[in-house]
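So that you can map any letter, position 287 of the sequence shown is 287 in full-length UniProt numbering, and since no number is skipped, the others follow by simple counting. All C-beta atoms, glycine included, are put in the ideal place defined by N, C-alpha and C.
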Amino acid sequence: MAALNPDSHERGTLPPELISLIDLELKNFRTTSRAVHALSSVLDAEFKLLDRVYYKGNSQHRSGLFWKRAAEIRRLARRVHDIRLEGLIDEFRESFFADPKNIKRAPWTKVPGQRRIHDTLQRLSSVSHLFAHGIDRCHAAYSWFVRQLQSTAFFPLAMTLIAIVARLHIVFCSLSEELLKTWEAIDRLYQQLPLKLGATQKVPPRISRTLRALLGAETALPRIPSSSKLAAVAKETGDDLGQTISRVALPTPKVSMPVEAAGSQSFPPSDTFTLLELEEDDVPMDVVREDMVEDASEVVKQLEEHQLHSPQTMPSGEQIDTVPELLRADEAMPTPPPATPARKKKKKPRVGGDEIDAIFGF
Numbered sequence: 001m002a003a004l005n006p007d008s009h010e011r012g013t014l015p016p017e018l019i020s021l022i023d024l025e026l027k028n029f030r031t032t033s034r035a036v037h038a039l040s041s042v043l044d045a046e047f048k049l050l051d052r053v054y055y056k057g058n059s060q061h062r063s064g065l066f067w068k069r070a071a072e073i074r075r076l077a078r079r080v081h082d083i084r085l086e087g088l089i090d091e092f093r094e095s096f097f098a099d100p101k102n103i104k105r106a107p108w109t110k111v112p113g114q115r116r117i118h119d120t121l122q123r124l125s126s127v128s129h130l131f132a133h134g135i136d137r138c139h140a141a142y143s144w145f146v147r148q149l150q151s152t153a154f155f156p157l158a159m160t161l162i163a164i165v166a167r168l169h170i171v172f173c174s175l176s177e178e179l180l181k182t183w184e185a186i187d188r189l190y191q192q193l194p195l196k197l198g199a200t201q202k203v204p205p206r207i208s209r210t211l212r213a214l215l216g217a218e219t220a221l222p223r224i225p226s227s228s229k230l231a232a233v234a235k236e237t238g239d240d241l242g243q244t245i246s247r248v249a250l251p252t253p254k255v256s257m258p259v260e261a262a263g264s265q266s267f268p269p270s271d272t273f274t275l276l277e278l279e280e281d282d283v284p285m286d287v288v289r290e291d292m293v294e295d296a297s298e299v300v301k302q303l304e305e306h307q308l309h310s311p312q313t314m315p316s317g318e319q320i321d322t323v324p325e326l327l328r329a330d331e332a333m334p335t336p337p338p339a340t341p342a343r344k345k346k347k348k349p350r351v352g353g354d355e356i357d358a359i360f361g362f
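Spelled out as structure tokens, the structure:
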């Protein structure tokens, strides 16, 4: 077989078996690229949120141990954010096309050389070590934050950091899975090209064993303590909103009728005044009528009994007034006189003048 350019290989010079393999792997690259782009947008949002929380509390908590762990997670998130894994995958995918701008319409025309493939595998291997370290540190920081929930004085800040670290842990694991898929697809091409083209092969770099172990173990994050254990902490660190008191629990004062002197009139209890002062719109109709009638009848009975047992005698010509003035308020109210319509004043006829003045309005 003729010698080929080590930098790239044209599609027409490749065997059919290799062409079908490249078609399949390019489809996998496209699917992986879409997933990595979605995960990268989530990573950007979480990194901005963590960066905002860090700058907001750095001046107050910079000497705390928990803040050092938060700074470590922020540093790892920044490094993963700056790698731009989606750009690395898209760059390798575009190397198969003569015009990268027309990648969605035109078919692929060439295959990158072994050196380009080896460099891409080397970069993916380095990123895998970073992901393994990031997953391990997120797991450790999350566990430490959860253990400190019951003793920290900054409960809202601790809960915020726990939520951010948990989401970053999920993003790191998802990105690591997509990285493994990409590395395996590129490694298959790297293994097949020397066999089909008769070129020499270098030893390919490997993915971090720690990353494979972390993804294979599927270790879950520790669970947050129950709400009953955290209720005391949240109550101490939260805002004091006071306690609600039921109206039934409040003591109700008992109204007792005082002993009155002979010849004096007793007034009805305070409940009677309250019912009489309420409007019909504020109290239901049945309560206004029945309660008011019952209370009024009781007051009349008490007044009659008091007058019967009183030693003072009333003149023969006078009539005992058994109804208090308050109950007869409606009868004593004077009725307003009927409104009479206002009379219109008649214009007096103009005296003097002639017809010409009347025409011009003088």
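Distance, residue j Cα to residue i Cα
| i | j | result |
| --- | --- | --- |
| A45 | R52 | 11 angstroms |
| R69 | I83 | 22 angstroms |
| K104 | L193 | 25 angstroms |
| C173 | L180 | 11 angstroms |
| A35 | K27 | 13 angstroms |
| S176 | D136 | 13 angstroms |
| K101 | Q148 | 52 angstroms |
| S151 | W144 | 12 angstroms |
| I22 | E91 | 16 angstroms |
| R132 | S208 | In the sequence as displayed, the identity of residue 132 is Ala instead of Arg. The alpha-carbon atoms of A132 and S208 are separated by roughly 7 angstroms. |
| G134 | I73 | 8 angstroms |
| R11 | F29 | 18 angstroms |
| T13 | T109 | 10 angstroms |
| R206 | L124 | 9 angstroms |
| D99 | I117 | 19 angstroms |
| L168 | D119 | 28 angstroms |
| S40 | P16 | 36 angstroms |
| F273 | Q302 | Low confidence applies here, because F273 scores a pLDDT of 45, under 50, leaving its location unreliable and the question unanswered by this model. |
| H61 | C138 | 20 angstroms |
| L18 | F97 | 16 angstroms |
| F47 | Q191 | 37 angstroms |
| A153 | V80 | 31 angstroms |
| L275 | I164 | For L275, the pLDDT reaches just 43, beneath the cut-off of 50, and the residue's location in the model is therefore unreliable, although a value from the coordinates is still provided. Going by the C-alpha atoms only, they are around 60 angstroms apart. |
| W67 | I89 | 34 angstroms |
| S95 | L85 | 16 angstroms |
| L130 | A140 | 15 angstroms |
One or two residues paired with residue i in a DSSP bridge
| i | result |
| --- | --- |
| H9 | V111 |
Residue burial classification, residue i (beta-carbon count within 10 angstroms, cutoff 16)
| i | result |
| --- | --- |
| A213 | exposed |
| L189 | buried |
| P156 | exposed |
| Y55 | exposed |
| L241 | Since pLDDT at L241 reaches only 42, below the 50 mark, its modelled position is unreliable, and the value read off the structure follows with that caveat. Per the 10 Å Cβ criterion, exposed. |
| A106 | exposed |
| S126 | exposed |
| E25 | buried |
| T182 | buried |
| A77 | buried |
| G87 | exposed |
| R93 | buried |
| S20 | exposed |
| L65 | exposed |
| Q114 | buried |
| S59 | exposed |
| S63 | exposed |
Where residue i falls: helix, strand or coil (DSSP)
| i | result |
| --- | --- |
| S41 | helix |
| P15 | coil |
| I73 | helix |
| F154 | coil |
| R78 | helix |
| S63 | coil |
| S208 | coil |
| K104 | coil |
| Q148 | coil |
| R84 | coil |
| A132 | helix |
| D99 | coil |
| V171 | helix |
Beta-carbon gap between residue i and residue j smaller than 7 angstroms
| i | j | result |
| --- | --- | --- |
| I186 | L121 | yes |
| T32 | E184 | no |
| residue 363 | A158 | Outside the shown range of the chain (1 to 362) lies residue 363, about which nothing can therefore be said. |
| S128 | L211 | yes |
| V111 | H37 | no |
| V171 | V42 | yes |
Proximity test, Cβ basis, 7 angstroms: residue i and chain B
| i | result |
| --- | --- |
| H133 | You won't find chain B in this structure, because it holds only one protein chain. |
Residue i CB to nearest heavy atom of the ligand ZN below 6 angstroms
| i | result |
| --- | --- |
| N28 | The ligand ZN is absent from the structure shown, which contains no ligand whatsoever. |
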